[in-house]
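Participant:
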Amino acid sequence: MPSANIAKNYSPDFLQVDNEIKSMARNDKVVILPSIEAWEKLPWVKEYFNGKPKGGYFIWVKEQIDFPLSTCVNIISPNIKQDLQNLMIIEKGIKAKAGVVCSSLKNNLSGTHKAKGKLILKENSSLEYNHVHKWGHDDDVSPDYEFVLGKNSSLKYNYSNLFPPKTLDIKNKIVCGEKSSVNLNISVNGIDSLIKIKEEVILEGKDAQAVSRLKLVGRKRSDITAESSIVAKVKSKGHIDCQSLMIDNESKISSIPLLVCENKEAQITHEASIGKVSEEQLNYLRSRGLSEKEAIDLIVSGFLSV
Amino acid sequence: MKLLEIKKLSVEIEGKKILDSLDLEINQGEIHALLGPNASGKSTLAKVIMGLPEYKVKTGSILFSNKEVKGLPAEKRSKLGISLVFQNPPAIEGVKLSKLLEKISINEVREKEKYSHLLERDVNVNLSGGEKKISELIQVLSLSPKLLILDEIDSGLDMKKREEVVEILKKEAKERRMAIIIITHQGEILKQFSPDKVSVMINGKIACQSKDYKKVMETIKKNDYAKCKHCKKL
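This is the structure we're talking about:
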């Protein structure tokens, strides 16, 4: 049984190192448990899991909180295999923020991070979910998340991966209920990586809205395939924007936006572009004393942060 | 003491001669105005001195502090002490001015806090003409240049802002013995700078030079640049 500690300043609400849960915060308004414990103690959560979880966290925001939630899952030892099933539930009318960090301490730990997550936003709730990944060159990482948005709820999901692993397989499925809105921002910096991104937004409820922005950078033999789709089943609005930067000729980016419309009142659009670093910006920064590499790194970090 | 010595510099773009066997000398601490009609090659000269790669030098030499810099990339020239204030600097989304300064600064810019509102803005993104010029100045002055080239610094500035910018530059030039090349086709800013020397560029060459900027301005005002085409020294 992992020890549960009250979170101190700057401590995450849930901290896992390798496969050991190091700390969990206790709060009257939020229930934070290992997913296994939640499965055993709270029968109603079983419907959200596909079978008994092996690891991961359960966060249930029952009442309004005035602090951002934070979780941190790290790999610090070689050859660790993490298999997480995370569940986060935001109750009706609650507005919450979450900062989620998953990372590897070193470049050469050859870790595996597999995370299956489900986020339930109930009616009139909102969540800003900032998800940061930082991996080593030899890691294999596969986050597979499903977001279910209730009526009038809103989600802002920011995913940033500036230090990519060897392989990255991202799956995001977002199911939008009536009048819900989702704003997705995915930024991935491919450096000698095999990256697959599959993002699917399903506009299921009337007047739901979705904007999905994908920013990709391909450098040093990266192979990136990004499929981003919006399926409009009812009168709703959606937009996909995929922008990619190619830094060298050794990399490959396949950007595939897909729109599926099943209702004549729906408005769904997309734009996609793949380009190179602007020579004008590059020369400008070089005239300020930055080397070509330093200038490219700065332009790339700016591109991914917008 | 000579800081910059350009000898017989010729530059072409797609077979068209932009600079034609141009000679120019700038001394340490000198404020030098470079006048000329549109398309006379002034901005090209600025970019060639800075080492921007879009221009290929055909012949000639560029000595800076007695060192040939013709083959050096822009970042090396910057490290040697050459800086350029761009006429139209590019916008760099997502890069805050404060972050850029962290990367490039050699010197703490005086009164930087006066412009703190610009530090958290993205570099040249949605800035007014005046804000862009101030952003440029903060950047170049943080590099402690020995030679600062101002390409049309007066464009987009109202009179008050222009006076503010000139005051900053004159003070810096005096205290750091920094040479300045002021490129302008209007010449109004020269009244505030009182340059030590003026060169007039016509068709990619220095057509005339003088230490009396007022006389040059007067002549240009009367005759546009027509007279400059034929005179060697006013």
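Sequence lines, in order, name chains A and B.
Just so you know, we're using numbering that gives the first Met the number 0 here: the first sequence kicks off at 0 and counts up by one.
Just so you know, we're using numbering that gives the first Met the number 0 here: the second sequence kicks off at 0 and counts up by one.
Just so it is clear, CB atoms sit at the ideal spot from N, CA and C, and this is done for glycine as well.
Can you find at least 3 beta carbon pairs, one from the region 103 to 117 of chain A and one from the region 136 to 145 of chain A, that sit closer than 8 Å?
Facilitator: With a cut-off of 8 Å, the region 136 to 145 of chain A and the region 103 to 117 of chain A count as touching, because enough Cβ pairs lie within range.
Participant: Please confirm if glutamine 27 of chain B has its CB atom under 8 Å from at least one CB of chain A.
Facilitator: To locate residue 27 of chain B, count along the second sequence from 1; it is residue 28. Taking Cβ atoms only, chain A never reaches closer than 8 Å to glutamine 27 of chain B, which makes this a no.
Participant: What's the gap between the Cα of valine 99 of chain A and the Cα of proline 33 of chain A?
Facilitator: Numbered from 1 along the first sequence, position 100 holds the residue referred to as residue 99 of chain A. Numbered from 1 along the first sequence, position 34 holds the residue referred to as residue 33 of chain A. Rounded to whole angstroms, valine 99 of chain A to proline 33 of chain A spans 15 Å at the Cα level.
Participant: With burial defined as no fewer than 16 other Cβ atoms inside 10 Å of the residue's Cβ, what is the status of asparagine 49 of chain A: buried or exposed?
Facilitator: Walking along the first sequence from the start, residue 49 of chain A turns up at place 50. Burial call: exposed.
Participant: Give me the chain A residues within the contact set of serine 77 of chain B, using Cβ-Cβ distance strictly less than 9 Å, ordered along the chain.
Facilitator: Numbered from 1 along the second sequence, position 78 holds the residue referred to as residue 77 of chain B. Neighbours of serine 77 of chain B on chain A, chain order: Arg285, Ser286, Arg287, Gly288 and Leu289.
Participant: Is glutamate 101 of chain B close to chain A, meaning its C-beta is less than 8 Å from at least one C-beta of that chain?
Facilitator: What you label residue 101 of chain B is simply residue 102 of the second sequence in a count that begins at 1. Output row for glutamate 101 of chain B: interface = no.
Participant: Of the residues that make up the region 62 to 77 of chain B, which ones have a beta carbon closer than 7 Å to any beta carbon in chain A?
Facilitator: Residues Pro72, Ala73, Glu74 and Ser77.
Participant: Take isoleucine 133 of chain B as the anchor and find which of B:Lys6, B:Val94, B:Ile152 and B:Leu147 has the nearest alpha-carbon.
Facilitator: Along the second sequence, one-based indexing puts residue 133 of chain B at 134. The candidate whose alpha carbon is nearest that of isoleucine 133 of chain B is B:Ile152.
Participant: When burial is assigned at 16 or more other CB atoms within 10 Å of the CB, is glutamine 138 of chain B buried or exposed?
Facilitator: Position 139 of the second sequence holds residue 138 of chain B. Buried: at least 16 other Cβ atoms inside 10 Å.
Participant: So with Cβ pairs under 8 Å, would you call isoleucine 91 of chain B a contact of chain A?
Facilitator: Here residue 91 of chain B refers to the residue found at position 92 of the second sequence. True, the Cβ-Cβ gap to chain A drops below 8 Å.
Participant: Assign asparagine 285 of chain A to one of three DSSP states: helix, strand, or coil.
Facilitator: Here residue 285 of chain A is taken as the residue at index 286 of the first sequence, counted from 1. The question names asparagine, but residue 285 of chain A is arginine in the sequence shown. Helix, per DSSP.
Participant: Is the beta carbon of proline 52 of chain B sitting closer than 8 Å to the one on tyrosine 283 of chain A?
Facilitator: Mapped onto the second sequence, residue 52 of chain B falls at position 53. Mapped onto the first sequence, residue 283 of chain A falls at position 284. Not a contact, by the Cβ cut-off of 8 Å.
Participant: So within the region 119 to 201 of chain B, which uninterrupted beta strand (DSSP E) runs reach at least 3 residues, ignoring any that extend past its ends?
Facilitator: Here the runs fully enclosed are 146 to 150, 178 to 183 and 196 to 201.
Participant: From the DSSP output, read off the bridge partner residues of lysine 73 of chain A.
Facilitator: Residue mapping note: residue 73 of chain A aligns to position 74 of the first sequence, counting from 1. The question names lysine, but residue 73 of chain A in the sequence shown is asparagine. DSSP lists A:Val16 and A:Ser102 as partners of asparagine 73 of chain A.
Participant: Please return the same chain residues whose Cβ sits closer than 7 Å to the Cβ of proline 77 of chain A, not counting the five positions on each side in sequence.
Facilitator: Counting from one through the first sequence, the residue named residue 77 of chain A turns up at place 78. If we look at proline 77 of chain A and ignore the five residues flanking it on each side, its Cβ neighbours are Leu108 and Ser109.
Participant: Which same chain residues, not among the five before or five after lysine 160 of chain B, have their C-beta less than 7 Å away from its C-beta?
Facilitator: Your numbering for residue 160 of chain B matches position 161 in the second sequence. Within the same chain, lysine 160 of chain B has close Cβ partners Gly129.
Participant: May I have the straight-line CA-CA distance separating isoleucine 201 of chain B from leucine 147 of chain B, to the nearest angstrom?
Facilitator: In the second sequence, the residue the question calls residue 201 of chain B occupies position 202. In the second sequence, the residue the question calls residue 147 of chain B occupies position 148. Rounded to the nearest angstrom, the two C-alpha atoms are 22 Å apart.
Participant: Just grab the DSSP bridge partners of tryptophan 59 of chain A for me.
Facilitator: Start at 1 with the first residue of the first sequence, and residue 59 of chain A comes out as number 60. DSSP, once it has assigned bridges, lists A:Val30 and A:Ile88 as partnering tryptophan 59 of chain A.
Participant: Whose CA, out of A:Ser290, A:Ser227 and A:Leu303, lies closest to the CA of methionine 245 of chain A?
Facilitator: As a working mapping, residue 245 of chain A is identified with position 246 in the first sequence. Per the Cα distances, A:Leu303.
Participant: Could you check whether the region 10 to 25 of chain A touches the region 51 to 58 of chain A, counting it as contact only if at least three pairs of C-beta atoms, one from each stretch, sit closer than 8 Å?
Facilitator: Taking 8 Å as the limit for Cβ pairs, the verdict is that the region 51 to 58 of chain A does touch the region 10 to 25 of chain A.
Participant: Hey, how far is the Cα of isoleucine 179 of chain B from the Cα of glycine 274 of chain A?
Facilitator: Against the second sequence, residue 179 of chain B aligns to sequence position 180. Against the first sequence, residue 274 of chain A aligns to sequence position 275. If I take the Cα positions, the gap works out to 37 Å.
Participant: Does any C-beta atom of chain B lie closer than 8 Å to the C-beta of glutamine 280 of chain A?
Facilitator: Stepping through the first sequence from its first residue, residue 280 of chain A is reached at position 281. True, the Cβ-Cβ gap to chain B drops below 8 Å.
Participant: With a Cβ-Cβ cutoff of 8 Å, do valine 60 of chain A and isoleucine 93 of chain A count as a contact?
Facilitator: In the first sequence, counting from the first residue as 1, residue 60 of chain A sits at position 61. In the first sequence, counting from the first residue as 1, residue 93 of chain A sits at position 94. Going by C-beta atoms, valine 60 of chain A is nearer than 8 Å to isoleucine 93 of chain A.
Participant: According to a CB-to-CB cut-off of less than 9 Å, which residues of the region 143 to 162 of chain B neighbour chain A?
Facilitator: Hits within the stretch: zero.
Participant: In this structure, how does DSSP classify histidine 136 of chain A when only helix, strand and coil are distinguished?
Facilitator: On the first sequence, residue 136 of chain A is found 137 positions in, with the first residue counted as 1. Looking at histidine 136 of chain A - three-state DSSP - the assignment turns out to be coil, as it is neither helix nor strand.
Participant: Using 8 Å as the threshold, is the C-beta distance between glutamate 249 of chain A and arginine 287 of chain A below it?
Facilitator: Locating residue 249 of chain A in the first sequence gives position 250, counting from the first residue. Locating residue 287 of chain A in the first sequence gives position 288, counting from the first residue. Not closer than 8 Å, so no.
Participant: From which residue to which residue does the alpha helix (DSSP H) around methionine 245 of chain A run?
Facilitator: Walking along the first sequence from the start, residue 245 of chain A turns up at place 246. First-last for methionine 245 of chain A: 236 to 245, but that is the beta strand (DSSP E), not the alpha helix (DSSP H).
Participant: Distance, Cα to Cα, glycine 70 of chain B vs histidine 130 of chain A?
Facilitator: What you label residue 70 of chain B is simply residue 71 of the second sequence in a count that begins at 1. What you label residue 130 of chain A is simply residue 131 of the first sequence in a count that begins at 1. If you take the alpha carbons of glycine 70 of chain B and histidine 130 of chain A, they lie about 46 Å apart.
Participant: Which residues does DSSP pair with valine 216 of chain A in a beta bridge?
Facilitator: By 1-based counting over the first sequence, the position of residue 216 of chain A is 217. In the DSSP output, where bridge partners are listed per residue, valine 216 of chain A has A:Asn188 and A:Leu244.
Participant: Is the beta carbon of leucine 215 of chain A sitting closer than 8 Å to the one on serine 235 of chain A?
Facilitator: Taking the first residue of the first sequence as 1, we reach residue 215 of chain A at position 216. Taking the first residue of the first sequence as 1, we reach residue 235 of chain A at position 236. No, these two residues do not count as a Cβ contact at 8 Å.
Participant: Using beta carbons (cut-off 8 Å, strictly below), is serine 124 of chain A in contact with chain B?
Facilitator: Taking the first sequence and counting its residues from 1, one reaches residue 124 of chain A at position 125. Cβ-Cβ to chain B under 8 Å: no for serine 124 of chain A.
Participant: Listing by chain order, which chain B residues have their CB less than 9 Å from the CB of leucine 297 of chain A?
Facilitator: In the first sequence, the residue the question calls residue 297 of chain A occupies position 298. Residues of chain B passing the Cβ test: Ile91, Val94, Lys98, Leu99 and Lys102.
Participant: When you compare each of B:Lys226, B:Val108 and B:Lys210 to glutamate 135 of chain B by their alpha carbons, which one comes out closest?
Facilitator: The count along the second sequence starts at 1 and reaches residue 135 of chain B at position 136. When only C-alpha atoms are compared, the closest one is B:Val108.
Participant: Hey, arginine 69 of chain A and aspartate 12 of chain A: beta-carbon distance below 8 Å or not?
Facilitator: The residue labelled residue 69 of chain A in the question sits at position 70 within the first sequence. The residue labelled residue 12 of chain A in the question sits at position 13 within the first sequence. In the sequence as displayed, the identity of residue 69 of chain A is serine instead of arginine. Cβ distance < 8 Å, so serine 69 of chain A and aspartate 12 of chain A count as in contact.
Participant: Just tell me which of B:Asn65, B:Leu100 and B:Gly155 has its CA closest to the CA of serine 127 of chain B.
Facilitator: By one-based count along the second sequence, residue 127 of chain B stands at place 128. When only C-alpha atoms are compared, the closest one is B:Gly155.
Participant: So is glutamate 293 of chain A in contact with chain B if we call contact Cβ pairs under 8 Å?
Facilitator: One-based indexing of the first sequence puts residue 293 of chain A at position 294. It does; some Cβ of chain B falls within 8 Å.
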